[in-house]
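Notes follow the structure.
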Amino acid sequence: MSGNLLELVRTALADRYVLQRELGHGGASVVYLAADEKHRRQVAVKVLRPELAVSLGSDRFLREIQLAAQLTHPHILNLYDSGEASGLLYYVMPYVAGESLRQRLQREHRLPLDESLHIVDDVADALGYAHQRGVFHRDIKPENILLASGHALVADFGIASAITVAGEDRVTVPGMAVGTPAYMSPEQAAGEPVDARADIYALGCVLFEMLAGEPPHRGSTAREILARKVTHPMPDLRLLRDSIPGELEAAIATALAVDPNNRFATTTEFVTALQPEKESWATADTGPPSTPSPRSIAVLPFTNMSADREYEYFGDGIAEEITNALTKVQAIRVASRTSAFAFKGKEQDIRRIGRQLGVATVLEGSVRKAGSRLRVTAQLIDVDDGYHIWSERYDREVEDVFAIQDEIADRIVEALEVVLTEDQRQALARPAATNVIAYERYLHGRYFLQLFQKNTVHHAREMFEQAIAIDPGYALAHAGLADTCSFLFMYFEGSPGILDEAERASRRALELAPDLAEAHASSGLALALSKRYDEAEAEFETAIRLNPARFEPYYFYARTCFQQGKLERAARLFECACELSDDYQARLLAALSYAGLGRVKEAEAAYERALAAVEKHLTLRPGDARALTLGAGCLARLGRGEEGIAWTDRALAIDSTDPVVVYAAACVHAVLGRDDEALDGLERALDAGFGNKGWIRNDPDFASLREHPRFLALLAEEPASTRSKG
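Heads up: the sequence shown begins at 1 in this note's numbering, then just goes up one per residue.
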């Protein structure tokens, strides 16, 4: 693990990667930060110790590690590459700008109960996905759990398994145990075959340590630790932390049973054992049942106090930029833009808004723009008592808006007592734009895009083009232009030229900013619309890795899978999106995915959740025709057909020209067996601009009509444009 190895690796991999510096090392490997110049991205290159590589041999190791490369999941750090060079075995993963759970525990010793359970949820979800495919991790530990933007990623999937298989089932090789003693199950330590229950044991150890500040079994040597696992019961967790409920301790004890037959059989069983009392357990440390994490925040749209109402976009844009900045800090949970902006213009008590959004703090503010002068006020408010944690007024020149946003984000981080990693500091300090006029055009474009009508999307396109003309190097503006063109193609016009422009703009954004999550998400959407699905999925995965707290990459990745008929993956990704935002469209599409899979009970529960999200949205936006038709679809699928038709009629009375509304209304009729009305509606939707045939073919709502001559004729015809469902 010396400089000699660095030079050896640098030389061996020079044709593929430019090694920059060592990130860390352990008993088996050393990891380097490197530049993958071909794909314009930063990566982590992990190299096995030379003596270990000699002991294992390359063929079987690399063959086994390819199993891990097939795993694609939002909470699994995927494998980019692996190989052998100059006798060295290596594998390449995304570089995550965050920290490991080990680093977090070293700094804070133990974690809040609700956050510990959230981490377990993410890891269990990843493990369950892999276990269903016959892949077991074998080395779950805090070092292999990465924390980024409020979510956990499991790293080194398949590595321990690869070492075991390649080493012909040796339990140890020089200097390394396959698995880590403090987290290794007794059967794994004994060299016996392992299954999902070994990973569940390790996850139970990790949860114990997050709560107690130490692993359940300790010793001065690996042999002593492993012996204590068999001869000593799990220590009394409540003696180490008296606020832990007995039910939670019992669930962990089951996960840590010596005999694997006495453990939970699946990660789902483990999480389910935690779930029923999860809310009450989480309050044991934090107070009333509704108390959220103290490091949680919603950023409301800043009120426009300018004389000109046109400056409405400026307040929205500042709030959105602050939201985006805070999502890069993994210790802070940030309410999604969609959720927070639903309260725009609503006269409600801040404490009530905060409770509805499930956050401990709310940032509100105002903007007054007059000529070149700008006044911004900001107040961070404690939801519990309504008092200001801090407030500030900034009287500056307009070109100082970047500094103002940075200062507000810094003050929030300071007020929430968050310690930033160096990568997070750099991410927060990274300027989005250098020209304030280009920035204003960009904010204007975002504002119009969010209004999401045909004319406003065209206005957004013009604004992004103007921003690019002023500042050709403005990557976010190129990404915004790509999104705008993609949405025009999907919903309103659909000419191949617009899609070509979306691809060009997203490529340019990536050239300018290879590590910009928004650029990868924009590229993924454009590629998906071009039916280049493998490339699209890779871009979405990169966007999620770069910023796991953004809703859009999960949502559009899920839609891409849905359109291909990959319904299991689509359902999982839609659920991930819903964790970030209680979005009624994502919830409905998750339900449709379950329905397409024939999972009736899960679909019914998901429709109920989707309907609740629609009703919540309609309390704030009662005239939203899209929400009404999608809610009508939920009602129809839940056996409340008459109500569904009434909602559909109301929506069409509000807006009968919106392609999404017309298509969703046709879906309602199809579900209720009103075939003629459904086909009439589908034809009107296609004429209005809704025309992605792949989406329609995989929509479970039209399952009963797929062989209908008129349905086949509509799909066989080439409509004036090709678009898709929102």
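All C-beta atoms, glycine included, are put in the ideal place defined by N, C-alpha and C.
As the structure is a prediction and not an experimental result, all values here were calculated from the model.
A residue is called buried when at least 16 other Cβ atoms come within 10 angstroms of its Cβ; His-669 meets this threshold and is buried. Positions of the beta strand (DSSP E) runs, each at least 3 residues long and wholly inside the segment 639-665, cannot be given because no such run exists. Beyond the five residues adjoining it in sequence on each side, Leu-33 comes within less than 7 Å, by CB distance, of Gln-20, Arg-21, Leu-23, Gln-42, Ala-44, Tyr-95 in the same chain, given in chain order.
Counting along the chain, His-217 sits inside no beta strand (DSSP E), nor does DSSP assign it H or E at all. Following the DSSP letters along the chain, one finds Gln-379 inside the beta strand (DSSP E) bounded by residues 373-382. Distance check between Tyr-554 and each of Glu-535, Phe-562, Phe-574 places Phe-574 closest, using alpha-carbon atoms only. About 4 Å separates the beta carbons of Ala-577 and Ala-586, which is inside the 8 Å limit, making them a contact pair. In the DSSP annotation of this structure, the continuous segment of the beta strand (DSSP E) that includes Ile-297 starts and ends at 296-299.
Under DSSP, Ile-76 takes part in a beta bridge, and its partners are Val-154. Burial state of Gly-246 is exposed, judged by a 10 Å Cβ sphere holding fewer than 16 other Cβ atoms. Between Ala-678 and Leu-714, the C-beta gap is not smaller than 8 Å, which leaves the two residues out of contact.
Measuring C-alpha to C-alpha distances from Leu-597 to each of Gly-565, Leu-588, Pro-216, Asp-410 identifies Gly-565 as the nearest.
For Met-234, the three-state secondary structure derived from DSSP is coil. Under the three-pair Cβ rule at 8 Å, the segment 292-309 does not count as touching the segment 135-144.
Leaving aside the five residues that flank Ala-370 on each side, the residues in its chain whose CB is nearer than 8 Å to its CB run, in chain order, Ser-306, Ala-307. Under the three-state reduction of DSSP output, Tyr-594 falls in the helix class. In the structure shown, Arg-599 falls within a coil segment according to DSSP collapsed to helix, strand and coil. Taking 8 Å as the cut-off, the beta carbon of Val-614 is found no closer than this to the beta carbon of Gly-641. Membership of Gly-24 in the beta strand (DSSP E) is indicated by the continuous run 18-25. DSSP places His-388 in the strand class (E or B) of the three-state scheme. Less than 8 Å separates the beta-carbon of Asn-547 from that of Thr-327. Annotated three-state conformation of Val-135 is coil, per DSSP. Counting every other CB atom within 10 Å of its CB across the protein chains shown gives Ser-486 a total of 16 or more, marking it as buried.
Within the same chain, Cβ atoms closer than 6 Å to the Cβ of Ala-251 are found at Ala-273, Leu-274, the five residues on either side in sequence being excluded. Exposure of Gly-87 is indicated by the presence of fewer than 16 other C-beta atoms within 10 angstroms of its C-beta.
For Val-31, DSSP records a beta bridge to Gly-24, Lys-46. Residues Tyr-584, Arg-587, Leu-588, Ala-591, Cys-634 of the same chain have their beta carbon placed closer than 7 Å to that of Ala-610, with the five preceding and five following residues left out of the count. For Met-93, the enclosing beta strand (DSSP E) covers residues 88-94.
Under the Cβ criterion (8 Å, minimum of three pairs), the segment 470-479 counts as touching the segment 501-517. Here Pro-233 is exposed: its Cβ has fewer than 16 other Cβ atoms, across all protein chains shown, within 10 Å. In this structure, Thr-629 lies away from Ala-653, with their beta-carbon atoms at least 8 Å apart.
Assignment of beta-bridge partners to Asp-36 by DSSP yields Arg-41.
Residue pairing by DSSP places Val-334 opposite Ile-297 in a beta bridge.
Closest in alpha carbon position to His-520, among Leu-529, Lys-531, Glu-537, Arg-532, is Glu-537.
Under DSSP, Ile-145 shares a beta bridge with Val-154. Contact check for Pro-260 against Arg-197 passes: the beta carbons are separated by less than 8 Å.
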